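Peer 1: Quick one: the structure is below, questions incoming.
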Amino acid sequence: MLSDEEKARIRAEEEFRRVIQQQLAKQDPPQTTWQQVFSLLNTNVGGWFLSTVLVGTAGFVATAVHNKWTASERQATEIRQRSHQEAEMVTRLLPWLAKTGDAPEQLIAISIIGHLKNRGGIDPIFSTSLDFILNQIAVKGAGPTASPEERKAAETVVASVDALSRAQTTLQSGNTLDTPLDTKPLTSSQREQKLPADLITKPLPTRVYIHIANEGQRKKAEEIQSKFRNKGIIAPNIIMIGEKSPTQPEVRFFNKEDKETADQINKLVREAGISVSDSPKRPSLSARLGHLELWFQK
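Structure follows, in structure tokens:
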């Protein structure tokens with residue numbers, strides 16, 4: 177038989193097991209992810225993370241957002257100031273634009289206004305009005321009743337506009353407005369490249385640039401120039417090109433829409449006693465509609 181002491185020990189062990197089983201039965205379910213994170217933040221490591229890493233990151237983000245907003249506001253202010261300055265400049269150039277004859281001021285005004293428009297420095301509505309003014313100068317000077325001053329003003333306008341259109345693609349360093357068009361075959365990337373926006377909304381009148389190989393051809397060139405002008409065709413100037421001349425006279429055009437005009441020019445040139453053959457359209461990335469050239473032979 178068990179002694180009283182042994183019986184008491186057994187009862188104590190059974191009671192201990194019962195208490196352990198009750199505690200295991202009451203154990204909490206597994207914590208969720210958010211509970212685990214919250215528990216971690218309540219530790220010393222969590223406090224360090226909050227005070228150092230998280231607060232520092234929040235401060236950096238806030239500073240970056242503020243700097244970006246400040247830069248955007250500063251850029252907008254600079255754009256407004258630049259637009260105001262450029263509008264004042266155009267206003268000052270208007271009297272120069274109205275000059276006629278062989279006025280260098282008009283050439284300067286056209287060039288500056290064209291540059292401002294191409295880079296978006298002029299309000300589109302105002303820009304359209306300037307386009308109309310330039311177009312009217314060109315059209316009026318191309319008429320058969322135009323005065324010498326009006327004709328010269330028109331020639332200045334079209335020569336300037338043509339030069340601006342090809343400035344980014346065909347002019348080389350040191351060239352002038354008299355530089356002939358570069359008519360080398362276009363590369364595939366050049367064919368895909370879009371032309372700059374037109375400076376003038378309406379098409380310019382037909383104009384023919386005359387190229388001579390030597391001074392002995394100037395008299396005949398001036399005769400043809402007068403013939404063109406009497407037909408309402410603008411002939412801005414006679415350009416000396418020397419050895420760049422072809423071996424046979426040529427009438428060159430660069431847009432398929434000008435084929436019929438090129439045929440008419442060929443006819444006028446033949447009537448002046450120069451034998452030219454019909455030439456195909458030449459490639460050019462920058463020639464505007466209505467731009468043709470007459471090349472004398474070497």
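Under our numbering, the letters of the sequence shown match residues 177 to 474, in that order.
Think of the CB as a built atom: it goes at the ideal place given N, C-alpha and C, for glycine as much as any other residue.
This structure is a prediction, so every number in the text was calculated from the model and none was measured.
For the structure I just gave you, are there three or more beta carbon pairs, one from the segment 407 to 422 and one from the segment 445 to 463, closer than 8 angstroms?
Peer 2: no
Peer 1: Label arginine 187 either buried or exposed according to how many other C-beta atoms from any shown protein chain fall within 10 Å of its C-beta, with 16 as the threshold for buried.
Peer 2: exposed
Peer 1: Does the beta-carbon of phenylalanine 308 have 16 or more other beta-carbons within 10 angstroms, so that it is buried, or is it exposed?
Peer 2: Exposed, since its Cβ has fewer than 16 Cβ neighbours within 10 Å.
Peer 1: Can you give me the C-alpha to C-alpha distance between lysine 328 and serine 453, rounded to a whole angstrom?
Peer 2: 30 angstroms
Peer 1: For glutamate 426, which residues in the same chain have their Cβ closer than 6 angstroms to its Cβ, ignoring the five residues on either side in sequence?
Peer 2: Ser455, Trp471
Peer 1: Taking C-alpha atoms, which residue in Val315, Ile441, Val237 lies nearest to tyrosine 385?
Peer 2: When only C-alpha atoms are compared, the closest one is Ile441.
Peer 1: Who pairs with leucine 306 in a beta bridge, going by DSSP?
Peer 2: In the DSSP output, where bridge partners are listed per residue, leucine 306 has none listed.
Peer 1: According to DSSP, is phenylalanine 430 part of a helix, a strand, or is it coil?
Peer 2: Phenylalanine 430 carries a coil assignment under DSSP once its states are collapsed to helix, strand and coil.
Peer 1: Considering Cα atoms alone, identify which of Ala318, Gly466, His387, Gly392 is closest to serine 421.
Peer 2: His387
Peer 1: Starting from isoleucine 388 and walking both ways along the beta strand (DSSP E), at which residues does that stretch end?
Peer 2: Residue range 383 to 388 is occupied by the beta strand (DSSP E) that includes isoleucine 388.
Peer 1: How about leucine 465 and aspartate 439: do their beta carbons lie closer than 8 angstroms?
Peer 2: no
Peer 1: Output needed for threonine 423: all residues of its chain with C-beta closer than 8 angstroms, excluding positions within five of it in sequence on either side, in chain order.
Peer 2: Gln473, Lys474
Peer 1: Using a 10 Å radius around the Cβ and a threshold of 16 neighbouring Cβ atoms, would you call glycine 317 buried or exposed?
Peer 2: buried
Peer 1: Is isoleucine 415 helix, strand or coil by DSSP?
Peer 2: Reduced to three states, the DSSP call for isoleucine 415 is strand.
Peer 1: For alanine 397, which option in Leu444, Phe429, Leu380, Thr437 has the closest C-alpha, if you only look at C-alpha atoms?
Peer 2: Leu444
Peer 1: Using a 10 Å radius around the Cβ and a threshold of 16 neighbouring Cβ atoms, would you call serine 460 buried or exposed?
Peer 2: It counts as buried.
Peer 1: Considering only C-alpha positions, which residue in the set Phe429, Ile313, Pro324, Gln312 is nearest to arginine 405?
Peer 2: Pro324
Peer 1: For the beta strand (DSSP E) that glutamate 469 lies in, which residues bound it at each end?
Peer 2: 467 to 471
Peer 1: Between glycine 418 and the rest of its own chain, which residues show a CB-CB distance below 8 angstroms, the 5 nearest in sequence each way excluded?
Peer 2: Result list for glycine 418: Ala389, Asn390, in chain order.
Peer 1: Can you tell which of Ala322, Thr382, Arg394, Gln401 has its C-alpha closest to the C-alpha of phenylalanine 429?
Peer 2: Thr382
Peer 1: Run through DSSP, which three-state label would leucine 371 get?
Peer 2: Because the pLDDT of leucine 371 is 33, which lies under 50, any placement of that residue in the model is unreliable, and the number read from its coordinates should be weighed accordingly. Looking at leucine 371 - three-state DSSP - the assignment turns out to be coil, as it is neither helix nor strand.
Peer 1: Do leucine 306 and valine 333 have their C-beta atoms closer together than 8 angstroms?
Peer 2: no
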